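Per the numbering used here, residue 1 is the first one in the sequence shown, and the count goes up by one each step.
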Amino acid sequence: MTAACPSCTASTVDGDRFCESCGADLSAPAGLTAPADLPAPDLPAPDLSVFDLSVADFSAAADGPAGGAVWRSSRAAGGPCAACGGGVGTDGYCDGCGLRRGAGRDHAEDDLPGVSAVTDRGLRKGRNEDAYAIGVAGGRRAVVVCDGVSSAPDSDAAATTAAVEAIEVLVGGGDVAAAYRAASAAVAELADPGARFDAPACTFLAAVVEDGQVTVGWVGDSRAYWLDGDGARCLTVDDSLAGQLAAAGVDAAALRLSAQAAALTRWLGADAPAGDPHLTTLRPSTAGVLLLSSDGLTRYPAWTGAVDTPGVDRLARRLAAFARDAGGADNITVAAVAFDPGPPATDPSRGAP
Numbered sequence: 001m002t003a004a005c006p007s008c009t010a011s012t013v014d015g016d017r018f019c020e021s022c023g024a025d026l027s028a029p030a031g032l033t034a035p036a037d038l039p040a041p042d043l044p045a046p047d048l049s050v051f052d053l054s055v056a057d058f059s060a061a062a063d064g065p066a067g068g069a070v071w072r073s074s075r076a077a078g079g080p081c082a083a084c085g086g087g088v089g090t091d092g093y094c095d096g097c098g099l100r101r102g103a104g105r106d107h108a109e110d111d112l113p114g115v116s117a118v119t120d121r122g123l124r125k126g127r128n129e130d131a132y133a134i135g136v137a138g139g140r141r142a143v144v145v146c147d148g149v150s151s152a153p154d155s156d157a158a159a160t161t162a163a164v165e166a167i168e169v170l171v172g173g174g175d176v177a178a179a180y181r182a183a184s185a186a187v188a189e190l191a192d193p194g195a196r197f198d199a200p201a202c203t204f205l206a207a208v209v210e211d212g213q214v215t216v217g218w219v220g221d222s223r224a225y226w227l228d229g230d231g232a233r234c235l236t237v238d239d240s241l242a243g244q245l246a247a248a249g250v251d252a253a254a255l256r257l258s259a260q261a262a263a264l265t266r267w268l269g270a271d272a273p274a275g276d277p278h279l280t281t282l283r284p285s286t287a288g289v290l291l292l293s294s295d296g297l298t299r300y301p302a303w304t305g306a307v308d309t310p311g312v313d314r315l316a317r318r319l320a321a322f323a324r325d326a327g328g329a330d331n332i333t334v335a336a337v338a339f340d341p342g343p344p345a346t347d348p349s350r351g352a353p
């Protein structure tokens, strides 16, 4: 007899101790795994006016030699099984207890000059299927956030692979579109050739801040926001029916659409629709913060009320903690990039005063 894993919904067989897809403990009482999502609690209204952007450190040097590139990610480190200390085979499963080691970490935090990221498993998921990567190369700051599609196999591997492949392109000087193509190809290679339409999949969101310009590219429903003294402005449009309707100014809630309206229409994976990423650019005239996040944060609309901590490092941590406190119904990833337009340009033809 088969049944669905309570954590990731993959098929399991009676007698299995662990889910072969996500590694969840199938012997645990059902009430302790993956309870249904709850609505967000009533939280304070947003107030961005207290966020002091002037304290961000724009001058610190990157790790490594001058002009060099450095990047970090939430990819899991090697070593023994975290559950029992046994050895982990090349297939990712513990030789002792059989638990599958995820491609990413349940909780990770990284900081580089002017850019920070946090990911957390949340409170209701069996593993963390989100991933991030951040990098600095000279005056360029880059960040990638990917969210594994929970209905797909090995979605944690998809997200981690995409984030790492993309950041390597970005810190190497490549543009967001090139990073997307590299990530897309790498995720497609994870698929079992015999199961092309049941392939690892994830969303893709990447951004580069350089030379006074912000460039964002995405596929899926992970979002980017521009934060400044005027509030929070969403720069992306979800790849879903509900997202497209909202972007067109239609009140999707009034239409009483089914839950399928939020289903992704684009993603990364061997079975993904072909096409380039969506791209948008902006040249802000004032200092601000570029925020990238998975839907583990944005599912709680009142998150903007938690933007009350100066500095991108503390902002990312504060918002991740907010999402956990609000219910932690999904994996949570938040990345923040400081932006300073620098001094206004002067007209050399005017000469000295």
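The beta-carbon is built from N, C-alpha and C at its ideal position, and this holds for glycine as well.
The structure presented is a predicted model; accordingly, all values stated were derived computationally and were not measured.
Which residues mark the beginning and the end of the alpha helix (DSSP H) in which residue i is found?
| i | result |
| --- | --- |
| A287 | Element bounds for A287: n/a, residue is neither H nor E. |
| A336 | Run containing A336: none in the alpha helix (DSSP H); it sits in the beta strand (DSSP E), I332 to F339. |
| T160 | S155 to V171 |
| V187 | V176 to A188 |
| T215 | T215 -> not in any alpha helix (DSSP H); beta strand (DSSP E) instead, spanning Q213 to V219. |
| L315 | V312 to D325 |
| G296 | D295 to T298 |
Let's see if you can read the secondary structure: which residues bound the beta strand (DSSP E) around residue i?
| i | result |
| --- | --- |
| F204 | F204 to E210 |
| Y225 | R223 to D228 |
| P232 | The question names Pro, yet the displayed sequence has Ala at residue 232. Looking at the DSSP string, the run of the beta strand (DSSP E) that includes A232 is G231 to C234. |
| L279 | H278 to L282 |
Which residues share a DSSP beta bridge with residue i?
| i | result |
| --- | --- |
| E109 | V118 |
| I134 | R72 and V143 |
| Y93 | R100 |
| G148 | C202 |
| G243 | DSSP output for G243 lists no bridge partner at all. |
| L264 | S240 |
| V88 | C94 |
Would you mind giving the Cβ-Cβ distance between residue i and residue j, rounded to the nearest angstrom? I have them listed as a contact below 8 Å.
| i | j | result |
| --- | --- | --- |
| S116 | A316 | 4 Å |
| A261 | A242 | 4 Å |
| V187 | R75 | Incorrect: roughly 14 Å between the Cβ atoms, too far for contact. |
| V144 | A166 | 4 Å |
| G122 | A329 | 7 Å |
| R223 | T304 | Their Cβ separation, rounded to whole angstroms, is 12 Å, which puts R223 and T304 out of contact at 8 Å. |
| D111 | D308 | Wrong, their Cβ atoms sit about 19 Å apart, outside the cutoff. |
Return the CA-CA distance between residue i and residue j, expressed in angstroms with no decimal places.
| i | j | result |
| --- | --- | --- |
| A158 | R318 | 27 Å |
| A336 | V208 | 12 Å |
| L279 | G96 | 46 Å |
| L257 | Q244 | 13 Å |
| L282 | T160 | 27 Å |
| I332 | S293 | 8 Å |
| G231 | A183 | 32 Å |
| E189 | C84 | 31 Å |
| D147 | G220 | 9 Å |
| S155 | C202 | 6 Å |
| D106 | G296 | 14 Å |
| V237 | A270 | 23 Å |
| G138 | A69 | 7 Å |
| V128 | G102 | Reading off the sequence, residue 128 comes out as Asn, not Val. Approximately 7 Å, taken between the alpha carbons. |
| L235 | L291 | 10 Å |
| V169 | A142 | 10 Å |
| F339 | D175 | 18 Å |
| G342 | D228 | 15 Å |
| A131 | G104 | 7 Å |
| V334 | W267 | 19 Å |
| R324 | D120 | 8 Å |
| G23 | V118 | Low confidence applies to G23: its pLDDT is 49, below 50, so where it sits in the model is not reliable, and the reading given next is rough at best. Taking the straight line joining both Cα atoms gives about 23 Å. |
| A272 | G126 | 25 Å |
| A199 | A133 | 22 Å |
| A321 | G327 | 10 Å |
| P29 | C94 | Bear in mind that the predicted position of P29 carries a pLDDT of just 36, short of 50, making it unreliable; the figure below should be weighed with that in mind. Roughly 22 Å separates the two Cα atoms. |
Counting only C-beta atoms, is residue i closer than 8 Å to chain D at any point?
| i | result |
| --- | --- |
| L319 | The chain labelled as chain D is not found in the depicted structure, where only one protein chain is given. |
Could you check whether the Cβ of residue i sits closer than 7 Å to any heavy atom belonging to the ligand COA?
| i | result |
| --- | --- |
| G135 | You won't find the ligand COA in this model; it holds no ligand whatsoever. |
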